[in-house]
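Undergrad: Got a structure for you, written out below as structure tokens; questions coming shortly.
Residue numbers (our numbering), protein chains in the order written: chain A, 12 to 274; chain B, 17 to 265.
Below is the structure:
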């Protein structure tokens, strides 16, 4: 699918629609989402505008629905984990709850943006067909999956950034979610006794696909392991950069957790 | 957005003796900077202003002008390069003069973050080549490097500023390669922010607090370049000048 064209179309439609929204420029509508006092109004306007667009171009819904699907997955995972008695110890509940709040907010934001084009919440199997059978009985397994979902989320959003270049306002919102997922990922990794950052493609017991390509040492066309020999072994060099995943790579990782798309 | 005044380490430019002495000249330099097309505006008498502690190739009191930051990628890269220089210099000092009571884990974490920031800094310098701004001269006089609260509190502020800066500037980047590169860096900065906050308050939501990630949208704050420059200006001896501009469209 050609995202550039699709999003250019959105931009055109957005421009007309947004011009009718009092006191909001095309850029400021997204900035308004940042401000607590007007976030509700901004989100509603966002929803109205995009609803109009999606009615005309269903491919766009597919793109943002990709993000929504991942957010559904994360939100339900944290909601179920917190609702399972004795699973998440009191020491971790404050930030598990905070992460859950964010994922639920992301779901609400994307759903409101997509309106009637939003995909329904899939039916999830957090055991991934038995691979993580103790996800809701073992705290350690639960933490491991949280890490898997967060690190995958960071890479998934990163992988869509360049596809959103023609829609700067949408790109900005995606970036604002992306960094939140990274905060979550680091916190969960630390909880598991790991570094907050990813060294090479170390998967720490998780499926290798989640960290495939994180050992890349070439950035901006520069081979950093050659340019910076003072950092041998590749740890610091690879930690300093998070790598993207394509949509198909992400769906291959997330697929086993999705029992039914309910579409 | 996170209020600078809640940062115990933040100082208003002009409070320090050095800044005060240079104030008149800074106003002049600001004018020069604002009218220069890009690059460094040098005062004929800048030698009077040179801080003996200068470590960068820039000079205290010089105006470093990023121009219209949204206008072209080289300006955004220089803007990012300046932020990475500041972070790298901060962590270098923090590791060199560790605060009292630092644990082995904290020392390791700060050292690793230092290395990440140096790598970011040097990559930008390499990418920019002759278009790079000079090395900046940090002014960390407001930071108490012997205090854990001061060092980690400042680190948290710097990381949060960095993330908001990248998030705010992403929409202006024209090259897909540079946008992806910025994306690869910003999430690492967000990881730093999360871990530093966790060292400060391991049991709370400080890793992603409501002041930085808005509760009803789950979106992280963004800052435009001028907001970012105003926050980092007190930490740099040179006067950082730049404009948001009108963007690509």
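Where a beta carbon is used, it is the ideal one built from N, C-alpha and C, also for glycine.
Under 7 Å Cβ-Cβ, which residues of chain B neighbour residue 190/A?
TA: Locating residue 190/A in the first chain gives position 179, where the first residue counts as 1. Within 7 Å Cβ-Cβ: 179, 183, 202, 203, 206, 236.
Undergrad: Throw me the rounded Cβ distance for the residue 258/A and residue 192/B pair, which I believe falls under 8 Å.
TA: By one-based count along the first chain, residue 258/A stands at place 247. By one-based count along the second chain, residue 192/B stands at place 176. By a beta-carbon distance limit of 8 Å, residue 258/A does not contact residue 192/B. Their separation comes to about 16 Å.
Undergrad: Residue range of the beta strand (DSSP E) that residue 257/B falls in?
TA: In the second chain, residue 257/B corresponds to position 241, counting from 1. First-last of the beta strand (DSSP E) with residue 257/B: 255-259.
Undergrad: Please tell me whether residue 212/B and residue 239/A are closer than 8 Å, where the distance is taken between their beta carbons.
TA: Counting from 1 along the second chain, the entry for residue 212/B is found at position 196. Counting from 1 along the first chain, the entry for residue 239/A is found at position 228. It is not a contact, given that the beta carbons lie outside the stated cut-off.
Undergrad: In chain order, what residues of the same chain lie with their CB nearer than 6 Å to the CB of residue 147/B, ignoring the 5 residues before and after it?
TA: The residue labelled residue 147/B in the question sits at position 131 within the second chain. 90.
Undergrad: Could you tell me the alpha carbon to alpha carbon distance between residue 106/B and residue 253/A, rounded to whole angstroms?
TA: The residue given as residue 106/B occupies position 90 in the second chain. The residue given as residue 253/A occupies position 242 in the first chain. Near 22 Å, if we compare the C-alpha coordinates of residue 253/A and residue 106/B.
Undergrad: Going by the CB atoms, is the gap between residue 107/A and residue 93/A shorter than 8 Å?
TA: Here residue 93/A refers to the residue found at position 82 of the first chain. Here residue 107/A refers to the residue found at position 96 of the first chain. Contact flag set, yes.
Undergrad: By the three-class DSSP mapping on this structure, what secondary structure does residue 103/A have?
TA: Here the question's residue 103/A lines up with position 92 in the first chain. Here residue 103/A sits in helix by DSSP.
Undergrad: Where does residue 119/B land, buried or exposed, given buried means 16+ other C-beta within 10 angstroms?
TA: Taking the first residue of the second chain as position 1, residue 119/B is located at position 103. Result: exposed.
Undergrad: Give every residue of the same chain whose Cβ lies closer than 7 Å to the Cβ of residue 202/A, excluding the five residues on either side of it in the sequence, and list them in chain order.
TA: Position 191 of the first chain, counted from the first residue, corresponds to residue 202/A. So the list reads 103, 154, once near-sequence residues are dropped.
Undergrad: Could you tell me whether the Cβ of residue 100/A comes closer than 8 Å to any Cβ of chain B?
TA: Here residue 100/A corresponds to residue number 89 of the first chain, with the count starting at 1. Cβ-Cβ to chain B under 8 Å: no for residue 100/A.
Undergrad: What does the alpha-carbon distance come out to for the pair residue 166/B and residue 159/B?
TA: As a working mapping, residue 166/B is identified with position 150 in the second chain. As a working mapping, residue 159/B is identified with position 143 in the second chain. Rounded to the nearest angstrom, the two C-alpha atoms are 6 Å apart.
Undergrad: Taking buried to mean at least 16 other C-beta atoms within 10 Å of its own C-beta, is residue 274/A buried or exposed?
TA: Within the first chain, numbered from 1, the residue matching residue 274/A stands at position 263. Counting Cβ neighbours within 10 Å, residue 274/A comes out exposed, since fewer than 16 surround it.
Undergrad: Give a yes or no on whether the minimum CB-CB distance between residue 169/B and chain A is below 8 Å.
TA: On the second chain, position 153 is the one that residue 169/B refers to. No, because no Cβ of chain A sits closer than 8 Å to the Cβ of residue 169/B.
Undergrad: What residues in the region 223-248 of chain B have a beta carbon less than 7 Å from any beta carbon of chain A?
TA: 223, 224, 229, 230, 231, 232, 233, 234, 235, 236, 237, 238
Undergrad: Taking contact to mean 3 or more Cβ pairs, one atom from each stretch, closer than 8 Å, check whether the region 74-90 of chain B and the region 149-169 of chain A are in contact.
TA: no
Undergrad: Tell me the DSSP secondary structure of residue 211/A in three-state form.
TA: Counting from 1 along the first chain, the entry for residue 211/A is found at position 200. Coil at residue 211/A, not helix or strand.
Undergrad: For the alpha helix (DSSP H) that contains residue 271/A, what are its first and last residues?
TA: Within the first chain, residue 271/A is the residue found at index 260, counting from 1. It is not in any alpha helix (DSSP H) - residue 271/A instead sits in the beta strand (DSSP E) that spans 269-271.
Undergrad: Relative to the alpha-carbon of residue 175/B, which residue among 233/B, 194/B, 109/B, 244/B has its alpha-carbon at the smallest distance?
TA: In the second chain, counting from the first residue as 1, residue 175/B sits at position 159. Of the candidates 233/B, 194/B, 109/B, 244/B, the one whose C-alpha sits nearest the C-alpha of residue 175/B is 244/B.
Undergrad: Out of 259/B, 235/B, 116/B, point me to the one whose CA is closest to residue 195/A's CA.
TA: Residue 195/A sits at position 184 when you count from the first residue of the first chain. Ranking the options by Cα distance to residue 195/A, first place goes to 235/B.
Undergrad: Pick helix, strand or coil for residue 257/A, following the three-state DSSP scheme.
TA: In the first chain, residue 257/A corresponds to position 246, counting from 1. Here residue 257/A sits in coil by DSSP.
Undergrad: For the region 208-242 of chain A, list every residue whose C-beta sits within 7 Å of some C-beta in chain B, in sequence order.
TA: 208, 230, 231, 233, 235, 238, 239, 242
Undergrad: For residue 246/B, count neighbouring C-beta atoms within 10 Å of its own C-beta (all shown protein chains included) and say buried if the count is 16 or more, exposed if not.
TA: Walking along the second chain from the start, residue 246/B turns up at place 230. By the 10 Å Cβ count, residue 246/B comes out exposed.
Undergrad: Tell me whether residue 84/B sits in a helix, a strand or coil according to DSSP, three-state version.
TA: Position 68 of the second chain, counted from the start, is the residue given in the question as residue 84/B. In this structure, residue 84/B counts as strand in the three-state DSSP scheme.
Undergrad: Residues in the same chain with beta-carbon distance under 7 Å from residue 248/A, minus the five sequence neighbours each way, listed in chain order, please.
TA: Within the first chain, the letter at position 237 stands for residue 248/A. 228, 235, 236, 239, 242.
Undergrad: Closest by CA to residue 76/B, which one among 239/B, 255/B, 259/B?
TA: Translated into positions along the second chain, residue 76/B becomes position 60. Ranking 239/B, 255/B, 259/B by Cα distance to residue 76/B puts 255/B first.
Undergrad: Can you name the residues of chain A whose CB is closer than 7 Å to the CB of residue 219/B?
TA: Stepping through the second chain from its first residue, residue 219/B is reached at position 203. The answer, in chain order, is 102, 105.
Undergrad: Residue 232/B and residue 202/B look like a contact to me (Cβ under 8 Å); what is the Cβ gap, rounded to whole Å?
TA: By one-based count along the second chain, residue 232/B stands at place 216. By one-based count along the second chain, residue 202/B stands at place 186. At roughly 23 Å, the Cβ-Cβ gap does not stay under 8 Å, so residue 232/B and residue 202/B are not in contact.
Undergrad: Check each candidate in 192/A, 88/A, 206/A, 184/A and name the one with the smallest Cα separation from residue 246/A.
TA: Here the question's residue 246/A lines up with position 235 in the first chain. The candidate whose alpha carbon is nearest that of residue 246/A is 206/A.
Undergrad: For residue 49/B, I'd like the list of residues in its chain whose CB is within less than 8 Å of its CB, leaving aside the five on either flank, ordered along the chain.
TA: Here residue 49/B refers to the residue found at position 33 when the second chain is read from its first residue. In this predicted model, residue 49/B has a pLDDT of only 35, less than 50, meaning its place in the structure is not dependable; the value taken from the coordinates is given anyway. Closer than 8 Å at Cβ, skipping near neighbours: 57, 79, 80, 81, 255, 257.
Undergrad: Which full runs of the alpha helix (DSSP H) of 4+ residues lie inside the region 117-171 of chain A, going along the chain?
TA: 150-171
Undergrad: Grab me the residues of residue 141/B's own chain with a C-beta within less than 8 Å of its C-beta, minus the 5 sequence neighbours each way, in chain order.
TA: As a first step, residue 141/B must be located in the second chain, where it is residue number 125. Excluding residues within five positions, the ones whose Cβ falls inside 8 Å are 97, 148.
Undergrad: Any beta-carbon of chain A closer than 8 Å to the one on residue 210/B?
TA: As a first step, residue 210/B is located in the second chain; it is residue number 194 there, counting from the start. By this cut-off, residue 210/B is an interface position.
Undergrad: Checking 8 Å against the spacing of the C-beta atoms, do residue 221/A and residue 163/A come in under that value?
TA: Taking the first residue of the first chain as position 1, residue 221/A is located at position 210. Taking the first residue of the first chain as position 1, residue 163/A is located at position 152. Against a cut-off of 8 Å, the Cβ pair of residue 163/A and residue 221/A comes out as a contact.
Undergrad: Please list the partners that residue 255/A has in chain B, where partner means a Cβ-to-Cβ separation under 8 Å.
TA: Counting from 1 along the first chain, the entry for residue 255/A is found at position 244. 196, 199, 200, listed in chain order.
Undergrad: Where do the N-terminal and C-terminal ends of the alpha helix (DSSP H) with residue 184/B fall, by residue?
TA: As a first step, residue 184/B is located in the second chain; it is residue number 168 there, counting from the start. Run containing residue 184/B: 164-185, per the alpha helix (DSSP H) assignment.
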